[in-house]
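Beneath this line is the structure, given in C-alpha cells, with notes to follow.
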Amino acid sequence: MAEHSNEHNFSLCFCDLMRLLWSLVVPCAYLSLLLALGLLLLLLGVRMWLPGCRKGARRAQGGGPAVAFFHPYCNAGGGGERVLWCSLRALMHRYPGMSFVVYTGDHGVTGEHILEGAQQRFNITLPRPVTFIFLHHRVLVEAKSYPHFTLLGQSTGSMFLGWEALTAFVPDLYVDSMGYAFTLPIFRYLGGCKVASYVHYPTVSTDMLSVVREGTPRFNNANFISRNPVLSAVKVVYYCCFALLYGLAGSCSDVIMVNSTWTLGHILALWRSPSRTSIVYPPCNVGAFLDIPLEEDDGNEMEDGWEELGQELGRGEDEKGGGREDSKCHSIVSVGQFRPEKDHGLQIRAFRKLLDRKGEGPAGRESCRLVLIGGCRNQEDEERVLMLRGLCQEMGLSDKVDFKLNIPFEELRRELVDATIGLHTMWNEHFGIGVVECMAAGTIILAHKSGGPKLDIVVPYEGGQTGFLADSEDSYAAAMETILALSPSARLEIRQNARRSVERFSDQEFGVSFLAAMESLMTKLE
Numbered sequence: 045m046a047e048h049s050n051e052h053n054f055s056l057c058f059c060d061l062m063r064l065l066w067s068l069v070v071p072c073a074y075l076s077l078l079l080a081l082g083l084l085l086l087l088l089g090v091r092m093w094l095p096g097c098r099k100g101a102r103r104a105q106g107g108g109p110a111v112a113f114f115h116p117y118c119n120a121g122g123g124g125e126r127v128l129w130c131s132l133r134a135l136m137h138r139y140p141g142m143s144f145v146v147y148t149g150d151h152g153v154t155g156e157h158i159l160e161g162a163q164q165r166f167n168i169t170l171p172r173p174v175t176f177i178f179l180h181h182r183v184l185v186e187a188k189s190y191p192h193f194t195l196l197g198q199s200t201g202s203m204f205l206g207w208e209a210l211t212a213f214v215p216d217l218y219v220d221s222m223g224y225a226f227t228l229p230i231f232r233y234l235g236g237c238k239v240a241s242y243v244h245y246p247t248v249s250t251d252m253l254s255v256v257r258e259g260t261p262r263f264n265n266a267n268f269i270s271r272n273p274v275l276s277a278v279k280v281v282y283y284c285c286f287a288l289l290y291g292l293a294g295s296c297s298d299v300i301m302v303n304s305t306w307t308l309g310h311i312l313a314l315w316r317s318p319s320r321t322s323i324v325y326p327p328c329n330v331g332a333f334l335d336i337p338l339e340e341d342d343g344n345e346m347e348d349g350w351e352e353l354g355q356e357l358g359r360g361e362d363e364k365g366g367g368r369e370d371s372k373c374h375s376i377v378s379v380g381q382f383r384p385e386k387d388h389g390l391q392i393r394a395f396r397k398l399l400d401r402k403g404e405g406p407a408g409r410e411s412c413r414l415v416l417i418g419g420c421r422n423q424e425d426e427e428r429v430l431m432l433r434g435l436c437q438e439m440g441l442s443d444k445v446d447f448k449l450n451i452p453f454e455e456l457r458r459e460l461v462d463a464t465i466g467l468h469t470m471w472n473e474h475f476g477i478g479v480v481e482c483m484a485a486g487t488i489i490l491a492h493k494s495g496g497p498k499l500d501i502v503v504p505y506e507g508g509q510t511g512f513l514a515d516s517e518d519s520y521a522a523a524m525e526t527i528l529a530l531s532p533s534a535r536l537e538i539r540q541n542a543r544r545s546v547e548r549f550s551d552q553e554f555g556v557s558f559l560a561a562m563e564s565l566m567t568k569l570e
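For the record, in the sequence shown the residue sitting at position 404 is 448 according to the working numbering, with numbers rising by one throughout.
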C-alpha cells in the first residue's frame with residue numbers, strides 16, 4: 045500500500061513539473077523573440093549609423109572612394125608587410141582618384157617613420173600619401189594574451205580590434221592583408237563594405253589536425269598534449285569546430301587571394317569559394333638581385349699564402365686548385381623573422397652537424413659561417429634571439445654564427461650576394477619570400493621539403509635543378525655538405541636555373557596579378 049502511494053506521489057510530482065515547464069514555454073518564446081527583435085534593431089541602427097560615418101570619412105579624404113587595409117603589424121619587416129606596400133603602390137598607380145588607409149597597431153612611431161622603414165627594408169616608395177589609423181588594442185590579437193585556446197582567443201580579439209577600426213574609419217572597400225578572417229563579417233555586415241582578403245597562411249589547416257591526431261610535438265602542439273590521447277582528442281574537436289567557424293568567416297570575402305598552391309588547397313577546403321579564389325604570388329624583390337652578374341665561384345677569396353704553402357708541400361697544380369676551393373670561407377645565410385615556426389634552432393643544430401662532418405682545419409670548421417638575418421617584431425622575438433644565442437654558446441658555435449637583426453635592405457643584399465647557401469627550415473612555409481630572394485641573389489637554396497618551397501619555388505626549371513630540399517638535421521647537414529662539395533661550374537648551373545625561375549615572382553608580376561584579382565571590386569567603387 046505504501047509503495048502504491050509513493051508511486052502515485054511521484055506521478056503527481058512529475059506531472060506538476062511538466063505543467064510548470066510548459067507554462068514557461070510561452071514566456072521564454074516571447075522573451076527570445078523580444079531579444080531577437082532588439083538585436084535586429086541594434087544591427088539595423090548600426091548599419092544606418094555607419095554609412096553616415098562613411099560619408100564623413102569621404103569628405104575628410106577628399107570626396108573619393110576609400111580603400112582600407114587591416115594590417116596591425118605594418119611596421120614589421122616580414123613578407124606580409126612587403127605584400128601590403130606593393131599592393132598599395134599598385135593600386136595608387138592604377139586608381140589615382142581613390143584614397144588609401146592603413147589600420148595599424150604600431151605605436152611610438154609616426155606614419156612618416158613607417159613609410160621610411162618600408163623604403164629602407166623593402167626599397168618601396170609609395171607615389172602618394174597614405175593615412176594611418178592607429179589602433180589602441182592590438183594586444184587583443186597577440187598570442188601572449190591567450191596562453192590557452194590561442195587561436196580562438198586571437199580570432200575573437202581580432203573581431204574587437206576590427207570593430208575599433210570600423211568605428212574609427214568606415215571605408216568603401218576593406219582589405220584584410222594579414223589573415224584576420226574574423227574581421228571580414230564585421231566590415232561586410234555591419235559596415236556595409238565590400239571586402240577582400242589576401243591569405244598568407246590559413247589560421248587552421250588539415251596539417252595542424254594531422255599533427256594533433258598523430259601525436260607529433262610541434263611549436264603549436266605541446267609535449268604534454270601530444271602524449272595524452274584524451275587531450276589530443278579534445279584538441280582535435282576544438283580544431284574542427286574552429287575550422288568550421290573560420291570557414292564561415294572567410295566565405296564572407298568578395299575576393300579571395302592566396303599566396304601559394306599549398307595555401308590554395310587549404311582555403312578551398314575551408315572557405316569553399318572556388319569562384320572567388322585565385323593565386324597571387326607575393327612580390328619578391330628579385331629585381332634588386334637580377335642585375336648582379338653570376339660568376340663561377342673559383343675560390344679567389346683564399347689566403348695569399350695558400351699557393352706558397354702548396355709549393356712547400358710539393359702539391360701539383362690540380363691539388364692546389366682543390367685546396368684553394370676548400371679554403372674559401374662559405375657563408376650560409378638564413379633570412380626570416382625570428383618567430384618560433386621558422387625553426388632557427390634546427391638551422392643551428394644542422395650547422396653543428398655539418399661542422400662535425402667537415403672536421404677541423406682550413407677546409408673544415410674554419411671554412412663555414414652561419415648568418416641569421418631577420419626582423420624582431422617585439423620583446424618576445426628578442427627573447428627568442430637570446431635563447432638562440434644561448435644555444436650557439438652551448439654548442440660551441442658562438443664564433444661561427446652571426447645574428448643580424450632588422451638590417452637595412454642594402455646590407456641584406458650584400459649578405460645574400462656573398463653567400464654560398466641560402467638556408468630555410470620552416471615546416472609548411474606558406475610561400476617563402478626569403479627563399480625566392482636567396483635564389484635571385486645567386487645562392488644555392490636549401491629549403492624545407494614542404495609547403496610553398498616544395499610546391500611552387502624549388503621546382504625544376506626547364507628540366508634543370510634549382511636547389512635542394514631537406515626535412516631533418518641529418519638531411520640538412522648532408523645537403524649542405526653536398527652543395528659545398530660541388531664544383532664551381534655545377535654550382536653556377538644551379539644558380540642560373542634558380543635565378544631564371546624566380547622572375548615569375550617579381551614585383552611587376554605581383555602588381556599585374558593583384559590588380560586583375562581586385563578589378564571586379566575596384567570598378568564598382570569608381
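Ideal Cβ placement from N, Cα and C applies to all residues, glycine included.
Asked: If you reduce the DSSP assignment to three classes, tell me which class Ala-463 lands in.; Found: coil
Asked: Between the C-alpha atoms of Trp-129 and Ala-162, what's the straight-line distance to the nearest angstrom?; Found: 7 Å
Asked: In angstroms, rounded to a whole number, what distance separates the CA positions of Gly-123 and Gly-496?; Found: 13 Å
Asked: Can you give the Cα-Cα distance for Met-142 and Ala-209, rounded to whole angstroms?; Found: 19 Å
Asked: If you compare alpha carbons, which of Glu-506, Val-479, Ile-451, Ala-491 is closest to Asn-167?; Found: Ile-451
Asked: Where DSSP assigns a beta bridge to Ala-112, which residues make up the other side?; Found: Val-145, Tyr-218
Asked: Got a sec? Which residues, its chain only, sit under 8 Å from Gly-155 by beta carbon, not counting five neighbours each side?; Found: Val-174, Thr-175, Phe-176
Asked: Does DSSP put Gly-508 in a helix, a strand or coil?; Found: strand
Asked: Give the straight-line distance between the Cα atoms of Arg-433 and Glu-455, rounded to the nearest whole angstrom.; Found: 21 Å
Asked: Given a cut-off of 8 Å, decide if Leu-205 and Arg-232 are closer than it, judged by their beta-carbon atoms.; Found: no
Asked: Alpha carbon to alpha carbon, how far is Ile-488 from Val-445? Give it in angstroms, no decimals.; Found: 19 Å
Asked: How would you call Glu-356, buried or exposed, if buried means at least 16 neighbouring beta carbons within 10 angstroms?; Found: With a pLDDT of 40 at Glu-356, under the threshold of 50, the modelled position of that residue is not reliable, and the figure given next carries that caveat. Flag for Glu-356 reads exposed.
Asked: Tell me whether Arg-165 is buried or exposed, calling it buried when 16 or more other Cβ atoms sit within 10 Å of its Cβ.; Found: buried
Asked: Among all the DSSP beta bridges, which residues are the ones paired with Ala-491?; Found: Leu-513
Asked: Can you give me the C-alpha to C-alpha distance between Leu-275 and Leu-334, rounded to a whole angstrom?; Found: 51 Å
Asked: Within a Cβ cutoff of 6 Å, which residues of the same chain sit near Tyr-218, ignoring the five residues on either side of it in sequence?; Found: Ala-112, Phe-231, Cys-237, Val-239
Asked: Secondary structure at Asp-387, three-state DSSP: helix, strand or coil?; Found: coil
Asked: So, helix, strand or coil for Met-301, using DSSP?; Found: strand
Asked: For Ala-240, list the residues DSSP reports as bridge partners.; Found: Val-219, Val-299
Asked: Name, in chain order, the residues that DSSP records as bridge partners for Asp-446.; Found: Val-415
Asked: Mind checking who Val-379 pairs with in its DSSP beta bridge?; Found: Ile-417
Asked: Helix, strand or coil: how does DSSP classify Ser-550 here?; Found: coil
Asked: Sort out for me which residues DSSP pairs His-374 with in a bridge.; Found: Cys-412
Asked: Whose C-beta lies closer than 8 Å to the C-beta of Phe-178 among residues of the same chain, with five residues either side of it excluded?; Found: Thr-148, Gly-149, Asp-150, His-151
Asked: Could you tell me which residues DSSP puts in a beta bridge with Phe-178?; Found: Thr-148
Asked: Consult DSSP for Ile-168 and reduce its assignment to one of helix, strand or coil.; Found: coil
Asked: CA-CA distance, Ser-202 and Cys-284?; Found: 20 Å
Asked: If you draw a straight line from the alpha carbon of Ala-212 to that of Leu-132, how long is it in whole angstroms?; Found: 20 Å
Asked: In whole angstroms, give me the CA-to-CA distance for Ala-474 and Phe-144.; Found: The residue asked about is misnamed: residue 474 is His in this sequence, not Ala. So the alpha carbons of these two residues sit roughly 27 Å apart.
Asked: Ignore the nearest five residues each way along the sequence and tell me which others in Thr-526's own chain have a CB closer than 8 Å to its CB.; Found: Phe-512
Asked: At which residues does the beta strand (DSSP E) containing Ser-322 begin and terminate?; Found: 321–323
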